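Below is one structure, written out as structure tokens; the observations come after it.
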Amino acid sequence: MAHPRKVEPDHPMIKKLREKCLALPETFEKEAWGEATFRVTKGSMFAMTDFNHHNSGHIAVWVKAAPLVQPELVERDPGAYFVPPYMGPKGWVGVKLNSKTRWKELEKLLREAHLLSAPAKLRKILADTRL
18 MAHPRKVEPD
28 HPMIKKLREK
38 CLALPETFEK
48 EAWGEATFRV
58 TKGSMFAMTD
68 FNHHNSGHIA
78 VWVKAAPLVQ
88 PELVERDPGA
98 YFVPPYMGPK
108 GWVGVKLNSK
118 TRWKELEKLL
128 REAHLLSAPA
138 KLRKILADTR
148 L
């Protein structure tokens with residue numbers, strides 16, 4: 018059975034998130050589990066919306082993260098960051114989307130997540146362009 022759509026694609030926070038994610042190379046959006054997910058072509062998912070997912074009570078994004086990033090962020094600011102269900106044990110970090118969202122910090126997390134999910138060839142190209 019398909020999941021009912023949770024995410025509201027025209028919500029201002031979701032639109033801003035979409036803009037940030039789709040600006041990354043070879044990224045596409047795919048609806049899954051009723052949420053918007055962002056993936057790298059020939060790679061994997063690096064971000065997923067949480068639009069009151071399973072009655073979470075917030076609008077957020079779950080972001081793939083390198084080891085130790087999640088606990089550091091959650092400890093530093095538990096009002097902004099959280100351990101998401103399902104993906105949290107794999108190191109993903111939840112970021113609440115609201116008027117207090119630190120978008121520059123979120124953009125950095127999204128770029129890092131994108132790189133973690135990118136296939137080797139794209140990672141090399143991206144690394145070469147950052148020199």
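Residues in the sequence shown are numbered consecutively from 18, following my numbering. We treat Cβ as the ideally placed atom computed from N, Cα and C, and that holds for glycine. Every value quoted in this text rests on a predicted model; they were computed, and no experiment measured them.
Look at Gly111 here: in three-state DSSP terms it is strand.
In the three-state DSSP reduction, Val91 falls in the helix class (H, G or I). Taking 8 angstroms as the upper bound for CB-CB distance, Leu126 and Val112 are in contact here, some 7 angstroms apart.
No Cβ-Cβ contact shorter than 7 angstroms links Val24 with Thr44. In this structure, Trp50 and Asp67 do not form a Cβ contact; the two beta carbons are roughly 10 angstroms apart against a cut-off of 8 angstroms. When beta bridges are read from the DSSP output, Phe99 appears opposite Gly111.
Assignment of Glu25 by DSSP, reduced to helix, strand and coil, places it in the coil class. For Glu124, same chain residues with a beta-carbon under 6 angstroms away, outside a window of 5 residues either side, are Lys37 in chain order. Beta bridge pairing from DSSP links Thr44 with Val57. Residue environment for Leu39: exposed (fewer than 16 other C-beta atoms within 10 angstroms of its C-beta).
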